[in-house]
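Remarks on the structure that follows.
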Amino acid sequence: MNFFRRERIVGKTPDQLRLMRGAGLVVARTLELLQQHAVPGVTTKELDAIAEEHIRSLGAVPSFLGYHGFTGTICTSVNEEIVHGIPGPRVLAEGDLISIDCGAILEGWHGDAAISTIVGGREAGRAEDLELIDATEKALYAGIAALTVDRSLYEVGAAVEDSIIASGNEHDRVYGIVEDYVGHGIGTAMHMDPQVPNYRCREKGPMVTEGTTVAIEPMITLGDQANEVLADDWTVVTLDGSRAAHWEHSVAVMREGLWILTALDGGAAKLAEVGAPFAPLD
Ligand code: MG
Ligand code: MG
9 MNFFRRERIV
19 GKTPDQLRLM
29 RGAGLVVART
39 LELLQQHAVP
49 GVTTKELDAI
59 AEEHIRSLGA
69 VPSFLGYHGF
79 TGTICTSVNE
89 EIVHGIPGPR
99 VLAEGDLISI
109 DCGAILEGWH
119 GDAAISTIVG
129 GREAGRAEDL
139 ELIDATEKAL
149 YAGIAALTVD
159 RSLYEVGAAV
169 EDSIIASGNE
179 HDRVYGIVED
189 YVGHGIGTAM
199 HMDPQVPNYR
209 CREKGPMVTE
219 GTTVAIEPMI
229 TLGDQANEVL
239 ADDWTVVTLD
249 GSRAAHWEHS
259 VAVMREGLWI
269 LTALDGGAAK
279 LAEVGAPFAP
289 LD
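Note that the sequence shown covers residues 9 to 290 in the numbering used here.
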């Protein structure tokens with residue numbers, strides 16, 4: 009170990025990033041489809057079948073299926089489930105808060121993204137759940153906007169934390185930031201170095217370089233962030249039973265700006281909202 013040199017992220021070439029965009033678009037389109045199907049009465053296993061069929065129809069392969077023995081194409085985490093919920097016979101009810109995480113491989117490159125939504129649409133949601141979903145999504149884009157070449161990767165976590173605290177203050181609430189699960193590098197594998205914490209760190213972390221690709225994925229709770237893994241060895245739930253939201257995007261960082269590989273529009277709209285430069289390579 010060399011204590012005097014910071015870890016340096018190896019960036020991808022423009023051609024590699026364009027291949028990753030292909031995988032990212034498969035994930036984006038699949039999540040768009042799943043959002044439409046997340047209605048009362050559907051089971052999480054049915055959503056999973058829709059996802060697998062759609063991913064394969066686009067010539068891609070589900071990356072979660074078989075990952076360390078995982079049995080789903082997607083993760084479906086409902087209400088107090090934070091992340092890694094296994095699709096099964098559970099029937100979704102109006103007003104449930106579901107987080108759907110999806111990953112796909114196209115031509116050897118990975119995309120990974122997650123959304124949170126209310127079953128039956130926003131009008132069916134509790135006010136605090138809608139605020140939680142929106143706060144988590146806002147924190148995701150705050151984190152993404154902090155990705156800058158030659159800056160510390162850990163500025164992402166600081167931006168996520170600041171955004172969540174601000175959203176909590178707005179609603180007179182203290183949200184929990186789940187610290188046990190973090191974002192990650194992504195490329196020819198789903199989970200690669202470096203890790204990307206969703207909170208402020210004492211260390212500076214690695215420097216962001218041209219062509220860096222990372223998945224940013226805040227997981228936020230209405231109550232305390234303390235959590236446990238259920239006996240199924242996957243599903244992570246809050247200890248206090250409070251509901252959780254999870255948003256994720258895979259992002260490429262160029263000197264000129266950002267390209268959200270798993271957003272349908274590449275991030276054009278959301279990056280404009282947060283004032284971050286948009287630099288697609290397609
Ligand atoms: Mg994911
Ligand atoms: Mg991920």
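Idealized CB from N, CA, C, for every residue including glycine.
With a 10 Å radius around the Cβ and a threshold of 16 neighbouring Cβ atoms, D120 comes out buried.
At least one heavy atom of ligand 2 lies closer than 7 Å to the C-beta of E256.
In this structure, the beta-carbon distance from M215 to S258 does not fall below 8 Å. Ligand 2 has no heavy atom closer than 7 Å to the beta-carbon of A253. Bridge partners of L105 according to DSSP: I126.
Beta-bridge annotation (DSSP): V245 is paired with E89, E236. Distance from the CA atom of P95 to the CA atom of T84, rounded to whole angstroms, is 6 Å.
The beta carbon of L27 is closer than 7 Å to those of E115, W117 in its chain, skipping five residues each way along the sequence. In the structure shown, V261 falls within a strand segment according to DSSP collapsed to helix, strand and coil. Within the same chain, I126, R130 come within 8 Å of L138 by CB-CB distance, once the 5 residues on both sides are set aside.
With a cutoff of 8 Å on beta-carbon distance, G193 and L25 are scored as not near each other.
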